[in-house]
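J.: Residue numbers (the numbering used here): 19 to 584.
Where is the CB? At the ideal position from N, CA and C, for every residue including glycine.
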(Lines of atoms letter the chains of each structure in order from A and count residues from 1; the text may use other names and numbers.)
(Lines give C-alpha, C1' and ligand atoms only; values in the text may rest on other atoms or scores of the structure.)
Protein backbone atom coordinates (compact mmCIF):
# COMPACT_ATOMS: atom_id res chain seq x y z
CA UNK A 1 0.00 0.00 0.00
CA UNK A 2 1.12 3.52 -0.74
CA UNK A 3 -0.10 6.73 0.83
CA UNK A 4 0.62 10.44 0.68
CA UNK A 5 3.61 11.27 2.80
CA UNK A 6 4.26 7.56 3.58
CA UNK A 7 1.59 6.60 6.14
CA UNK A 8 2.66 4.43 9.01
CA UNK A 9 3.79 0.94 8.06
CA UNK A 10 1.30 -0.55 10.48
CA UNK A 11 -1.55 1.13 8.60
CA UNK A 12 -0.16 -0.12 5.31
CA UNK A 13 0.07 -3.69 6.57
CA UNK A 14 -3.44 -3.51 8.01
CA UNK A 15 -5.00 -2.39 4.73
CA UNK A 16 -3.03 -4.85 2.65
CA UNK A 17 -4.18 -7.65 4.97
CA UNK A 18 -7.80 -6.98 4.03
CA UNK A 19 -9.22 -9.36 1.48
CA UNK A 20 -10.94 -6.63 -0.49
CA UNK A 21 -10.17 -3.31 -2.15
CA UNK A 22 -9.71 -0.46 0.32
CA UNK A 23 -8.69 3.16 0.39
CA UNK A 24 -8.49 5.85 3.03
CA UNK A 25 -10.03 9.27 2.29
CA UNK A 26 -9.36 12.48 4.18
CA UNK A 27 -12.07 14.80 5.47
CA UNK A 28 -12.50 16.35 2.00
CA UNK A 29 -12.76 13.07 0.12
CA UNK A 30 -9.22 12.90 -1.27
CA UNK A 31 -7.51 9.50 -1.30
CA UNK A 32 -4.59 9.39 1.13
CA UNK A 33 -3.81 5.66 0.95
CA UNK A 34 -4.89 2.60 -1.06
CA UNK A 35 -4.11 -1.09 -0.70
CA UNK A 36 -2.71 -3.45 -3.31
CA UNK A 37 -6.06 -5.17 -3.88
CA UNK A 38 -7.64 -1.78 -4.52
CA UNK A 39 -5.10 -0.85 -7.19
CA UNK A 40 -5.61 -4.26 -8.81
CA UNK A 41 -9.40 -3.94 -8.94
CA UNK A 42 -9.18 -0.39 -10.28
CA UNK A 43 -6.38 -1.11 -12.75
CA UNK A 44 -4.63 2.01 -11.49
CA UNK A 45 -1.34 2.66 -9.76
CA UNK A 46 -1.24 3.97 -6.21
CA UNK A 47 0.40 7.15 -7.52
CA UNK A 48 -2.55 7.60 -9.88
CA UNK A 49 -5.00 7.40 -6.97
CA UNK A 50 -3.40 9.08 -3.95
CA UNK A 51 -4.08 12.80 -3.77
CA UNK A 52 -7.08 12.68 -6.10
CA UNK A 53 -10.69 13.27 -5.10
CA UNK A 54 -12.13 9.76 -4.96
CA UNK A 55 -15.57 10.77 -6.17
CA UNK A 56 -14.38 12.81 -9.15
CA UNK A 57 -11.81 10.23 -10.20
CA UNK A 58 -13.81 7.02 -9.79
CA UNK A 59 -17.57 7.37 -9.41
CA UNK A 60 -19.60 6.92 -12.61
CA UNK A 61 -23.07 5.83 -13.64
CA UNK A 62 -23.65 2.79 -15.87
CA UNK A 63 -23.09 4.96 -18.96
CA UNK A 64 -19.69 6.12 -17.72
CA UNK A 65 -20.90 9.63 -16.91
CA UNK A 66 -19.75 11.44 -13.73
CA UNK A 67 -22.24 11.11 -10.89
CA UNK A 68 -23.39 14.47 -9.44
CA UNK A 69 -21.75 15.08 -6.08
CA UNK A 70 -25.11 15.72 -4.46
CA UNK A 71 -26.20 12.16 -5.35
CA UNK A 72 -23.12 10.32 -4.05
CA UNK A 73 -23.73 8.39 -0.82
CA UNK A 74 -20.05 7.47 -0.49
CA UNK A 75 -19.02 11.12 -0.53
CA UNK A 76 -21.85 11.99 1.87
CA UNK A 77 -20.58 9.32 4.27
CA UNK A 78 -17.02 10.69 4.08
CA UNK A 79 -17.99 14.32 4.63
CA UNK A 80 -20.56 13.48 7.29
CA UNK A 81 -18.34 11.09 9.22
CA UNK A 82 -20.91 8.27 9.40
CA UNK A 83 -21.06 4.63 8.28
CA UNK A 84 -22.98 3.63 5.15
CA UNK A 85 -22.95 0.84 2.60
CA UNK A 86 -24.51 0.05 -0.74
CA UNK A 87 -24.19 -1.59 -4.14
CA UNK A 88 -25.22 -0.82 -7.69
CA UNK A 89 -22.42 1.76 -8.08
CA UNK A 90 -19.68 1.88 -10.73
CA UNK A 91 -16.01 2.87 -10.45
CA UNK A 92 -14.05 3.82 -13.56
CA UNK A 93 -10.91 1.72 -13.95
CA UNK A 94 -7.65 2.97 -15.38
CA UNK A 95 -8.36 1.31 -18.75
CA UNK A 96 -11.69 3.10 -19.13
CA UNK A 97 -13.87 0.11 -18.24
CA UNK A 98 -16.45 0.27 -15.48
CA UNK A 99 -16.28 -1.90 -12.37
CA UNK A 100 -19.64 -2.57 -10.66
CA UNK A 101 -18.97 -2.48 -6.93
CA UNK A 102 -20.52 -3.11 -3.54
CA UNK A 103 -19.03 -0.83 -0.89
CA UNK A 104 -18.93 0.21 2.73
CA UNK A 105 -17.58 3.49 4.15
CA UNK A 106 -16.87 4.07 7.83
CA UNK A 107 -14.83 6.48 9.99
CA UNK A 108 -11.48 4.96 10.92
CA UNK A 109 -9.51 6.03 13.99
CA UNK A 110 -5.94 4.95 13.20
CA UNK A 111 -4.06 7.74 14.91
CA UNK A 112 -4.16 10.20 11.99
CA UNK A 113 -5.72 13.61 12.59
CA UNK A 114 -8.26 14.42 11.41
CA UNK A 115 -9.55 10.85 11.32
CA UNK A 116 -9.89 9.48 7.78
CA UNK A 117 -12.71 7.36 6.34
CA UNK A 118 -12.09 3.76 5.29
CA UNK A 119 -13.85 2.76 2.07
CA UNK A 120 -14.04 -0.98 1.37
CA UNK A 121 -15.20 -2.18 -2.04
CA UNK A 122 -15.31 -5.38 -4.06
CA UNK A 123 -16.42 -6.35 -7.50
CA UNK A 124 -20.16 -6.97 -7.86
CA UNK A 125 -19.81 -8.16 -11.45
CA UNK A 126 -17.41 -8.15 -14.37
CA UNK A 127 -15.80 -4.95 -15.57
CA UNK A 128 -16.95 -3.80 -18.98
CA UNK A 129 -17.22 -0.90 -21.33
CA UNK A 130 -19.75 1.83 -20.42
CA UNK A 131 -23.18 1.21 -21.81
CA UNK A 132 -24.39 3.66 -24.42
CA UNK A 133 -27.06 5.96 -23.02
CA UNK A 134 -30.42 5.59 -24.69
CA UNK A 135 -30.96 8.16 -27.42
CA UNK A 136 -32.53 11.27 -25.94
CA UNK A 137 -35.73 11.69 -27.84
CA UNK A 138 -37.36 14.06 -25.39
CA UNK A 139 -40.36 11.71 -25.30
CA UNK A 140 -40.93 10.58 -21.73
CA UNK A 141 -43.43 8.08 -20.45
CA UNK A 142 -45.83 9.20 -17.75
CA UNK A 143 -43.76 7.39 -15.12
CA UNK A 144 -40.59 9.08 -16.39
CA UNK A 145 -42.31 12.47 -16.20
CA UNK A 146 -43.41 11.90 -12.61
CA UNK A 147 -39.93 10.68 -11.70
CA UNK A 148 -38.37 13.78 -13.25
CA UNK A 149 -40.73 16.09 -11.35
CA UNK A 150 -39.97 14.28 -8.09
CA UNK A 151 -36.22 14.58 -8.75
CA UNK A 152 -36.65 18.28 -9.50
CA UNK A 153 -38.38 18.91 -6.19
CA UNK A 154 -35.94 16.81 -4.16
CA UNK A 155 -32.69 18.08 -5.66
CA UNK A 156 -33.60 21.76 -5.93
CA UNK A 157 -35.14 22.17 -2.49
CA UNK A 158 -32.25 20.37 -0.74
CA UNK A 159 -29.88 23.32 -1.21
CA UNK A 160 -30.08 27.01 -0.35
CA UNK A 161 -27.22 27.90 -2.67
CA UNK A 162 -28.70 29.57 -5.77
CA UNK A 163 -25.88 28.62 -8.11
CA UNK A 164 -25.88 25.01 -6.97
CA UNK A 165 -29.68 24.79 -7.40
CA UNK A 166 -29.46 26.11 -10.96
CA UNK A 167 -26.60 23.77 -11.85
CA UNK A 168 -28.72 20.87 -10.60
CA UNK A 169 -31.60 22.10 -12.77
CA UNK A 170 -29.36 22.03 -15.84
CA UNK A 171 -28.25 18.46 -15.13
CA UNK A 172 -31.86 17.37 -14.69
CA UNK A 173 -33.01 18.50 -18.13
CA UNK A 174 -29.85 17.96 -20.22
CA UNK A 175 -29.77 15.64 -22.11
CA UNK A 176 -32.99 14.05 -20.86
CA UNK A 177 -35.24 16.69 -22.42
CA UNK A 178 -32.97 18.84 -24.55
CA UNK A 179 -29.48 19.23 -25.94
CA UNK A 180 -29.16 22.76 -24.59
CA UNK A 181 -30.32 24.58 -21.46
CA UNK A 182 -30.11 28.34 -21.00
CA UNK A 183 -30.90 30.16 -17.76
CA UNK A 184 -31.38 33.93 -17.64
CA UNK A 185 -31.80 35.60 -14.25
CA UNK A 186 -33.23 38.97 -13.25
CA UNK A 187 -31.14 40.68 -10.59
CA UNK A 188 -31.13 44.02 -8.81
CA UNK A 189 -32.63 46.96 -10.70
CA UNK A 190 -34.13 44.43 -13.16
CA UNK A 191 -30.73 43.78 -14.74
CA UNK A 192 -30.59 40.51 -16.67
CA UNK A 193 -27.67 38.08 -16.59
CA UNK A 194 -27.25 34.90 -18.60
CA UNK A 195 -26.28 32.54 -15.79
CA UNK A 196 -25.81 29.35 -17.81
CA UNK A 197 -25.60 28.09 -21.37
CA UNK A 198 -25.00 24.34 -21.17
CA UNK A 199 -25.17 21.40 -23.54
CA UNK A 200 -24.65 17.65 -23.62
CA UNK A 201 -21.26 16.63 -24.99
CA UNK A 202 -19.69 13.16 -24.86
CA UNK A 203 -21.91 12.02 -22.01
CA UNK A 204 -21.39 15.05 -19.79
CA UNK A 205 -22.72 18.60 -19.44
CA UNK A 206 -20.47 21.40 -20.67
CA UNK A 207 -21.00 25.09 -19.90
CA UNK A 208 -20.27 27.68 -22.59
CA UNK A 209 -18.64 30.57 -20.78
CA UNK A 210 -18.40 32.62 -23.98
CA UNK A 211 -22.21 32.75 -24.25
CA UNK A 212 -22.82 33.62 -20.60
CA UNK A 213 -22.74 36.99 -18.87
CA UNK A 214 -24.68 40.28 -18.74
CA UNK A 215 -27.63 40.82 -21.05
CA UNK A 216 -29.34 43.95 -22.44
CA UNK A 217 -32.42 45.27 -20.60
CA UNK A 218 -35.87 43.76 -21.13
CA UNK A 219 -38.00 45.94 -23.42
CA UNK A 220 -41.58 46.25 -22.24
CA UNK A 221 -42.99 46.39 -25.76
CA UNK A 222 -41.11 43.42 -27.25
CA UNK A 223 -43.15 40.39 -28.26
CA UNK A 224 -40.10 38.16 -28.71
CA UNK A 225 -40.16 34.88 -26.70
CA UNK A 226 -37.38 35.63 -24.20
CA UNK A 227 -38.57 39.19 -23.57
CA UNK A 228 -42.09 37.91 -22.90
CA UNK A 229 -40.79 35.20 -20.55
CA UNK A 230 -38.64 37.69 -18.61
CA UNK A 231 -41.72 39.86 -18.14
CA UNK A 232 -43.52 36.77 -16.84
CA UNK A 233 -46.05 36.80 -19.67
CA UNK A 234 -46.08 33.25 -21.05
CA UNK A 235 -44.12 30.33 -22.42
CA UNK A 236 -43.23 30.51 -26.10
CA UNK A 237 -41.67 28.36 -28.80
CA UNK A 238 -38.68 29.68 -30.70
CA UNK A 239 -36.32 28.72 -33.46
CA UNK A 240 -33.61 30.33 -35.56
CA UNK A 241 -36.28 31.72 -37.84
CA UNK A 242 -37.75 33.67 -34.90
CA UNK A 243 -34.77 36.03 -34.90
CA UNK A 244 -34.07 36.33 -38.63
CA UNK A 245 -35.94 39.62 -39.04
CA UNK A 246 -34.80 43.05 -37.87
CA UNK A 247 -34.14 42.80 -34.09
CA UNK A 248 -36.46 44.81 -31.88
CA UNK A 249 -33.99 44.96 -28.97
CA UNK A 250 -30.53 44.10 -27.73
CA UNK A 251 -31.91 40.89 -26.24
CA UNK A 252 -33.08 39.81 -29.71
CA UNK A 253 -29.54 40.33 -31.02
CA UNK A 254 -28.17 38.10 -28.24
CA UNK A 255 -30.78 35.45 -28.99
CA UNK A 256 -29.85 35.40 -32.67
CA UNK A 257 -26.22 34.91 -31.61
CA UNK A 258 -27.29 32.11 -29.26
CA UNK A 259 -29.13 30.17 -31.98
CA UNK A 260 -26.26 30.60 -34.42
CA UNK A 261 -23.67 29.40 -31.88
CA UNK A 262 -25.64 26.42 -30.60
CA UNK A 263 -27.32 25.19 -33.77
CA UNK A 264 -30.66 24.81 -31.96
CA UNK A 265 -33.50 24.18 -34.41
CA UNK A 266 -36.26 24.14 -31.78
CA UNK A 267 -36.55 25.76 -28.38
CA UNK A 268 -39.10 26.55 -25.72
CA UNK A 269 -38.75 29.53 -23.37
CA UNK A 270 -40.46 29.26 -19.97
CA UNK A 271 -40.69 31.99 -17.29
CA UNK A 272 -39.15 31.33 -13.88
CA UNK A 273 -41.87 33.00 -11.87
CA UNK A 274 -42.62 32.86 -8.16
CA UNK A 275 -45.72 34.07 -6.35
CA UNK A 276 -44.11 37.46 -5.82
CA UNK A 277 -41.87 38.21 -8.79
CA UNK A 278 -40.37 37.07 -12.06
CA UNK A 279 -36.98 35.51 -11.34
CA UNK A 280 -35.81 34.81 -14.88
CA UNK A 281 -36.38 32.39 -17.74
CA UNK A 282 -35.45 28.83 -18.67
CA UNK A 283 -34.78 28.02 -22.33
CA UNK A 284 -34.49 24.41 -23.50
CA UNK A 285 -33.25 23.78 -27.02
CA UNK A 286 -32.71 20.86 -29.36
CA UNK A 287 -29.94 20.65 -31.93
CA UNK A 288 -29.00 16.96 -32.15
CA UNK A 289 -32.40 15.61 -31.17
CA UNK A 290 -34.55 15.77 -34.31
CA UNK A 291 -37.93 16.22 -32.62
CA UNK A 292 -39.26 19.74 -32.23
CA UNK A 293 -40.88 20.86 -29.02
CA UNK A 294 -44.66 20.59 -29.10
CA UNK A 295 -47.56 21.80 -27.02
CA UNK A 296 -47.47 18.47 -25.20
CA UNK A 297 -44.06 19.42 -23.75
CA UNK A 298 -45.25 22.75 -22.39
CA UNK A 299 -47.08 21.40 -19.34
CA UNK A 300 -44.08 19.38 -18.16
CA UNK A 301 -41.59 22.21 -18.69
CA UNK A 302 -43.81 24.76 -16.96
CA UNK A 303 -44.20 22.37 -14.01
CA UNK A 304 -40.41 22.01 -13.79
CA UNK A 305 -40.05 25.79 -14.00
CA UNK A 306 -42.59 26.29 -11.19
CA UNK A 307 -40.72 23.92 -8.90
CA UNK A 308 -37.40 25.50 -9.82
CA UNK A 309 -38.83 28.96 -9.15
CA UNK A 310 -40.04 27.90 -5.71
CA UNK A 311 -36.56 26.61 -4.82
CA UNK A 312 -34.89 29.69 -6.30
CA UNK A 313 -37.13 32.08 -4.38
CA UNK A 314 -36.47 30.24 -1.12
CA UNK A 315 -32.73 30.42 -1.74
CA UNK A 316 -32.93 34.14 -2.55
CA UNK A 317 -34.98 34.91 0.55
CA UNK A 318 -32.55 32.93 2.66
CA UNK A 319 -29.54 34.73 1.22
CA UNK A 320 -31.20 38.12 1.71
CA UNK A 321 -31.89 37.35 5.37
CA UNK A 322 -28.38 36.02 5.77
CA UNK A 323 -26.96 39.18 4.21
CA UNK A 324 -29.05 41.40 6.49
CA UNK A 325 -27.99 39.45 9.58
CA UNK A 326 -24.35 39.37 8.56
CA UNK A 327 -24.30 43.10 7.78
CA UNK A 328 -26.06 43.86 11.05
CA UNK A 329 -23.63 41.66 12.93
CA UNK A 330 -20.57 43.27 11.36
CA UNK A 331 -21.80 46.81 12.03
CA UNK A 332 -22.64 45.99 15.64
CA UNK A 333 -19.21 44.58 16.40
CA UNK A 334 -17.24 47.33 18.16
CA UNK A 335 -14.12 49.29 17.44
CA UNK A 336 -11.37 48.23 19.77
CA UNK A 337 -9.83 50.57 22.34
CA UNK A 338 -6.09 51.29 22.61
CA UNK A 339 -5.23 50.74 26.26
CA UNK A 340 -1.77 51.67 27.48
CA UNK A 341 0.66 48.77 27.56
CA UNK A 342 -1.55 46.39 25.57
CA UNK A 343 -2.37 45.71 21.94
CA UNK A 344 -5.76 44.33 20.83
CA UNK A 345 -6.98 42.86 17.59
CA UNK A 346 -10.15 40.99 16.63
CA UNK A 347 -11.48 38.92 13.76
CA UNK A 348 -14.95 37.86 12.72
CA UNK A 349 -15.61 35.29 10.00
CA UNK A 350 -19.15 34.44 8.90
CA UNK A 351 -20.15 30.83 8.44
CA UNK A 352 -19.34 29.25 5.06
CA UNK A 353 -21.85 29.25 2.20
CA UNK A 354 -25.02 27.24 2.85
CA UNK A 355 -24.74 27.86 6.57
CA UNK A 356 -26.69 30.24 8.72
CA UNK A 357 -25.52 33.39 10.43
CA UNK A 358 -24.83 32.84 14.10
CA UNK A 359 -24.68 34.94 17.23
CA UNK A 360 -20.91 35.08 17.79
CA UNK A 361 -19.59 38.39 19.13
CA UNK A 362 -16.76 40.09 20.97
CA UNK A 363 -16.30 43.36 22.84
CA UNK A 364 -13.55 45.38 24.51
CA UNK A 365 -13.79 48.74 26.30
CA UNK A 366 -12.12 50.79 29.04
CA UNK A 367 -13.74 50.82 32.50
CA UNK A 368 -13.87 53.79 34.86
CA UNK A 369 -10.97 52.52 36.98
CA UNK A 370 -8.76 52.19 33.90
CA UNK A 371 -9.14 48.43 33.55
CA UNK A 372 -9.75 46.95 30.11
CA UNK A 373 -12.95 44.91 29.84
CA UNK A 374 -12.89 41.93 27.46
CA UNK A 375 -15.83 39.80 26.35
CA UNK A 376 -16.45 36.99 23.91
CA UNK A 377 -19.74 35.15 23.52
CA UNK A 378 -22.11 33.10 21.43
CA UNK A 379 -25.90 33.45 21.47
CA UNK A 380 -27.66 30.16 20.80
CA UNK A 381 -29.38 30.24 17.40
CA UNK A 382 -28.54 30.77 13.74
CA UNK A 383 -30.68 33.52 12.31
CA UNK A 384 -31.49 37.20 12.47
CA UNK A 385 -32.87 36.73 16.00
CA UNK A 386 -29.48 35.43 17.16
CA UNK A 387 -27.73 38.47 15.70
CA UNK A 388 -30.25 40.79 17.38
CA UNK A 389 -29.92 38.91 20.68
CA UNK A 390 -26.16 39.27 20.44
CA UNK A 391 -26.54 43.05 20.21
CA UNK A 392 -28.88 43.20 23.21
CA UNK A 393 -26.59 41.05 25.33
CA UNK A 394 -23.50 43.07 24.46
CA UNK A 395 -25.17 46.39 25.23
CA UNK A 396 -26.53 45.14 28.57
CA UNK A 397 -23.09 43.83 29.54
CA UNK A 398 -21.52 47.17 28.74
CA UNK A 399 -24.12 49.02 30.79
CA UNK A 400 -23.57 46.88 33.89
CA UNK A 401 -19.77 46.88 33.60
CA UNK A 402 -19.49 50.64 33.09
CA UNK A 403 -21.93 51.60 35.83
CA UNK A 404 -20.87 49.07 38.51
CA UNK A 405 -17.27 48.55 39.59
CA UNK A 406 -17.69 44.89 40.48
CA UNK A 407 -15.85 41.61 39.77
CA UNK A 408 -16.67 39.91 36.45
CA UNK A 409 -18.74 37.23 38.21
CA UNK A 410 -21.12 39.78 39.71
CA UNK A 411 -21.58 41.58 36.40
CA UNK A 412 -22.44 38.32 34.66
CA UNK A 413 -24.83 37.29 37.45
CA UNK A 414 -26.79 40.52 36.95
CA UNK A 415 -26.66 40.03 33.19
CA UNK A 416 -28.00 36.47 33.48
CA UNK A 417 -30.90 37.56 35.67
CA UNK A 418 -31.80 40.46 33.40
CA UNK A 419 -31.62 38.39 30.22
CA UNK A 420 -34.85 36.58 31.09
CA UNK A 421 -36.91 39.77 31.05
CA UNK A 422 -35.09 42.17 28.74
CA UNK A 423 -33.06 40.45 26.04
CA UNK A 424 -34.59 38.08 23.51
CA UNK A 425 -31.98 35.43 24.27
CA UNK A 426 -32.78 31.89 25.41
CA UNK A 427 -29.24 30.72 26.11
CA UNK A 428 -25.75 32.04 25.51
CA UNK A 429 -22.14 31.38 26.40
CA UNK A 430 -19.81 34.11 27.56
CA UNK A 431 -16.36 34.89 28.93
CA UNK A 432 -16.14 38.28 30.63
CA UNK A 433 -12.80 39.52 31.90
CA UNK A 434 -11.10 42.62 33.20
CA UNK A 435 -7.41 43.31 32.77
CA UNK A 436 -5.54 45.86 34.84
CA UNK A 437 -1.98 46.79 35.72
CA UNK A 438 -1.35 46.60 39.47
CA UNK A 439 0.71 49.03 41.53
CA UNK A 440 3.67 46.68 41.19
CA UNK A 441 3.47 46.82 37.39
CA UNK A 442 2.03 43.33 36.92
CA UNK A 443 -0.78 42.78 34.41
CA UNK A 444 -3.55 40.91 36.19
CA UNK A 445 -6.48 39.21 34.49
CA UNK A 446 -9.70 38.32 36.33
CA UNK A 447 -12.57 36.55 34.59
CA UNK A 448 -15.65 34.41 34.80
CA UNK A 449 -16.75 31.84 32.24
CA UNK A 450 -20.41 31.07 31.47
CA UNK A 451 -20.18 27.80 29.56
CA UNK A 452 -17.76 29.13 26.93
CA UNK A 453 -14.56 27.53 25.59
CA UNK A 454 -11.70 28.48 27.93
CA UNK A 455 -9.38 31.42 27.17
CA UNK A 456 -5.93 30.51 25.86
CA UNK A 457 -2.80 32.14 27.28
CA UNK A 458 0.35 32.02 25.16
CA UNK A 459 3.63 33.16 26.64
CA UNK A 460 6.25 35.06 24.68
CA UNK A 461 8.42 31.94 24.43
CA UNK A 462 5.60 29.73 23.08
CA UNK A 463 4.24 28.09 26.23
CA UNK A 464 0.47 27.82 25.77
CA UNK A 465 -2.21 26.64 28.20
CA UNK A 466 -5.94 27.08 28.76
CA UNK A 467 -7.40 29.09 31.63
CA UNK A 468 -9.94 26.54 32.83
CA UNK A 469 -10.81 28.11 36.20
CA UNK A 470 -13.81 30.35 36.83
CA UNK A 471 -16.13 28.08 34.88
CA UNK A 472 -19.91 28.18 35.36
CA UNK A 473 -23.09 27.26 33.46
CA UNK A 474 -24.43 28.93 30.34
CA UNK A 475 -26.51 32.09 30.58
CA UNK A 476 -30.19 31.23 30.74
CA UNK A 477 -29.77 27.93 32.64
CA UNK A 478 -29.63 28.97 36.32
CA UNK A 479 -29.85 32.77 36.65
CA UNK A 480 -29.79 32.69 40.47
CA UNK A 481 -26.58 30.67 40.68
CA UNK A 482 -23.51 32.36 42.19
CA UNK A 483 -20.70 32.49 39.63
CA UNK A 484 -16.97 32.02 40.35
CA UNK A 485 -14.11 34.36 39.52
CA UNK A 486 -10.58 33.38 38.57
CA UNK A 487 -7.38 35.34 38.29
CA UNK A 488 -4.09 34.94 36.46
CA UNK A 489 -1.10 37.03 35.59
CA UNK A 490 -0.50 38.04 32.01
CA UNK A 491 3.32 37.97 31.68
CA UNK A 492 5.15 40.56 29.57
CA UNK A 493 4.83 39.74 25.87
CA UNK A 494 2.13 37.13 26.48
CA UNK A 495 -0.96 36.86 24.28
CA UNK A 496 -4.48 36.14 25.54
CA UNK A 497 -6.81 34.54 23.00
CA UNK A 498 -10.60 34.60 23.38
CA UNK A 499 -12.51 32.75 20.68
CA UNK A 500 -15.84 31.09 19.86
CA UNK A 501 -16.50 27.39 19.27
CA UNK A 502 -16.44 27.67 15.48
CA UNK A 503 -12.65 27.72 15.75
CA UNK A 504 -12.40 24.34 17.50
CA UNK A 505 -15.56 22.31 16.83
CA UNK A 506 -15.79 19.92 13.91
CA UNK A 507 -18.04 16.96 13.07
CA UNK A 508 -14.93 15.00 12.16
CA UNK A 509 -13.08 15.22 15.48
CA UNK A 510 -13.58 15.59 19.21
CA UNK A 511 -13.60 18.87 21.10
CA UNK A 512 -10.37 17.91 22.84
CA UNK A 513 -8.72 17.47 19.44
CA UNK A 514 -9.90 20.89 18.37
CA UNK A 515 -8.60 22.51 21.55
CA UNK A 516 -5.22 20.81 21.19
CA UNK A 517 -4.98 21.87 17.54
CA UNK A 518 -5.66 25.49 18.50
CA UNK A 519 -3.16 25.38 21.38
CA UNK A 520 -0.36 24.01 19.23
CA UNK A 521 -0.90 26.50 16.42
CA UNK A 522 -1.07 29.41 18.87
CA UNK A 523 2.17 28.30 20.51
CA UNK A 524 3.93 28.08 17.14
CA UNK A 525 2.82 31.62 16.27
CA UNK A 526 3.84 33.25 19.56
CA UNK A 527 6.67 35.20 17.90
CA UNK A 528 4.42 36.72 15.21
CA UNK A 529 3.18 40.32 15.39
CA UNK A 530 -0.35 40.32 16.76
CA UNK A 531 -2.14 41.02 13.46
CA UNK A 532 -0.27 38.23 11.72
CA UNK A 533 -0.80 35.99 14.75
CA UNK A 534 -4.60 36.41 14.49
CA UNK A 535 -4.72 35.89 10.71
CA UNK A 536 -2.60 32.76 10.76
CA UNK A 537 -4.35 31.31 13.79
CA UNK A 538 -7.70 31.54 12.00
CA UNK A 539 -6.31 30.12 8.77
CA UNK A 540 -4.59 27.18 10.44
CA UNK A 541 -7.04 26.30 13.20
CA UNK A 542 -10.47 26.73 11.64
CA UNK A 543 -11.71 23.22 10.74
CA UNK A 544 -12.31 22.68 7.00
CA UNK A 545 -15.76 21.23 7.72
CA UNK A 546 -16.67 24.10 10.07
CA UNK A 547 -20.29 25.19 9.60
CA UNK A 548 -20.36 28.00 12.15
CA UNK A 549 -19.19 31.59 12.31
CA UNK A 550 -16.06 32.49 14.28
CA UNK A 551 -15.16 35.42 16.50
CA UNK A 552 -11.68 35.91 17.90
CA UNK A 553 -10.28 38.55 20.27
CA UNK A 554 -6.53 38.62 20.96
CA UNK A 555 -4.74 40.81 23.52
CA UNK A 556 -0.98 41.09 23.84
CA UNK A 557 0.73 42.50 26.89
CA UNK A 558 3.66 44.79 26.23
CA UNK A 559 7.03 43.01 26.43
CA UNK A 560 9.44 43.73 29.24
CA UNK A 561 11.69 46.53 27.95
CA UNK A 562 14.56 45.11 30.04
CA UNK A 563 14.24 41.60 28.66
CA UNK A 564 17.05 40.43 26.36
CA UNK A 565 16.18 40.29 22.66
CA UNK A 566 15.33 36.88 21.25
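Going residue by residue through the segment 278-354, where are the continuous beta strand (DSSP E) segments of at least 3 residues, counting only ones entirely within it?
T.: 284-291, 296-304
J.: Can you tell me which of the three DSSP states residue 245 falls into?
T.: helix
J.: Can you tell me the Cα-Cα spacing of residue 95 and residue 134, whole angstroms?
T.: 11 Å
J.: Tell me the rounded alpha-carbon separation between residue 330 and residue 180.
T.: 6 Å
J.: Mind checking residue 474: buried by the 16 CB within 10 Å criterion, or exposed?
T.: buried
J.: At which residue ranges does the segment 453-537 contain complete beta strand (DSSP E) runs of 3 or more residues, listed in the order of the chain?
T.: 461-468, 474-476, 482-484, 504-507, 513-517
J.: One question on the structure: do residue 360 and residue 576 come within less than 8 Å of each other, judged by their Cβ atoms?
T.: Yes, the Cβ-Cβ distance between residue 360 and residue 576 is below 8 Å.
J.: For residue 560, count neighbouring Cβ atoms within 10 angstroms of its own Cβ and tell me buried if that reaches 16, exposed if not.
T.: buried
J.: Does the contact criterion of 3 or more C-beta pairs under 8 Å hold for the segment 463-470 versus the segment 421-429?
T.: yes
J.: So which of 296, 451, 182, 195 has the shortest CA-CA distance to residue 205?
T.: 296
J.: List, from N- to C-terminal side, the alpha helix (DSSP H) runs of 4 residues or more that fit wholly inside the segment 149-227.
T.: Whole alpha helix (DSSP H) segments, 4+ residues: 160-175, 180-191.
J.: Assess contact between the segment 497-504 and the segment 432-451, defined as three or more Cβ pairs (one per stretch) separated by less than 8 Å. Is contact present?
T.: yes
J.: Pull up the DSSP beta-bridge partners for residue 575, would you.
T.: Beta-bridge pairing links residue 575 to 360.
J.: Consult DSSP for residue 398 and reduce its assignment to one of helix, strand or coil.
T.: coil
J.: Apart from the five residues on each side of it in sequence, which residues of its chain come closer than 6 Å, Cβ to Cβ, to residue 232?
T.: 211
J.: What residues in its chain sit with their C-beta under 6 Å from that of residue 608, if we drop five residues either side in the sequence?
T.: Any answer about residue 608 is impossible in this case: the structure gives the chain only from 19 up to 584.
J.: What does a CB cutoff of less than 6 Å around residue 301 pick up in its chain, not counting 5 residues either side in sequence?
T.: 200, 285, 287
J.: Please determine, among 125, 244, 507, 80, the residue with the shortest C-alpha to C-alpha distance to residue 42.
T.: 125
J.: Using only alpha-carbon positions, find the residue among 457, 391, 430, 453 that is nearest to residue 489.
T.: For residue 489, the closest C-alpha among the options 457, 391, 430, 453 is that of 430.
J.: DSSP three-state label for residue 408, please.
T.: Residue state, collapsed to three classes: helix.
J.: Of all the alpha helix (DSSP H) runs that stay within the bounds of the segment 101-138, which reach a length of 4 or more residues?
T.: none
J.: Sort out for me which residues DSSP pairs residue 449 with in a bridge.
T.: 394, 467
J.: State the Cα-Cα distance for the pair residue 332 and residue 529, rounded to the nearest angstrom.
T.: 34 Å
J.: Measure the Cβ-Cβ separation of residue 196 and residue 303 and say whether it is below 8 Å.
T.: yes
J.: Just to confirm my understanding: we take residue 158, look at its own chain, exclude 5 residues before and 5 after, and list those with CB closer than 6 Å. What are they?
T.: Same-chain partners within the cutoff: there are none.
J.: Kindly indicate which residue of 307, 271, 289, 305 has the alpha-carbon position closest to the one of residue 316.
T.: 289
J.: Look up residue 144 in the DSSP assignment and say whether it is helix, strand or coil.
T.: coil
J.: Have a look at 550, 509, 567 and flag the residue whose alpha-carbon is nearest the alpha-carbon of residue 523.
T.: 567
J.: Note the first and the last residue of the continuous beta strand (DSSP E) segment covering residue 378.
T.: 377-384
J.: By DSSP's criteria, residue 42 is part of a beta bridge. Which residues make up the other side?
T.: 51, 136
J.: With distance defined between alpha-carbon atoms, name the residue in 248, 483, 187 nearest to residue 321.
T.: The option with the nearest alpha carbon to residue 321 is 187.
J.: When the distance is taken between beta carbons, is residue 514 closer than 8 Å to residue 539?
T.: no
J.: Using CA atoms only, rank isn't needed, just tell me which of 75, 168, 183, 547 is closest to residue 203.
T.: Its Cα nearest to that of residue 203, the residue 183 stands out among 75, 168, 183, 547.
J.: What span of residues does the alpha helix (DSSP H) with residue 64 cover, start to end?
T.: Where residue 64 is concerned, there is no enclosing alpha helix (DSSP H), because DSSP gives it neither an H nor an E.
J.: Where does residue 550 land, buried or exposed, given buried means 16+ other C-beta within 10 angstroms?
T.: Taking a 10 Å sphere around the C-beta of residue 550, we find fewer than 16 other C-beta atoms and assign the residue as exposed.
J.: Using C-beta distances below 8 Å, list every residue in its chain close to residue 214, excluding the 5 sequence neighbours before and after it, in chain order.
T.: 184, 185, 188, 199, 200, 201, 225, 230
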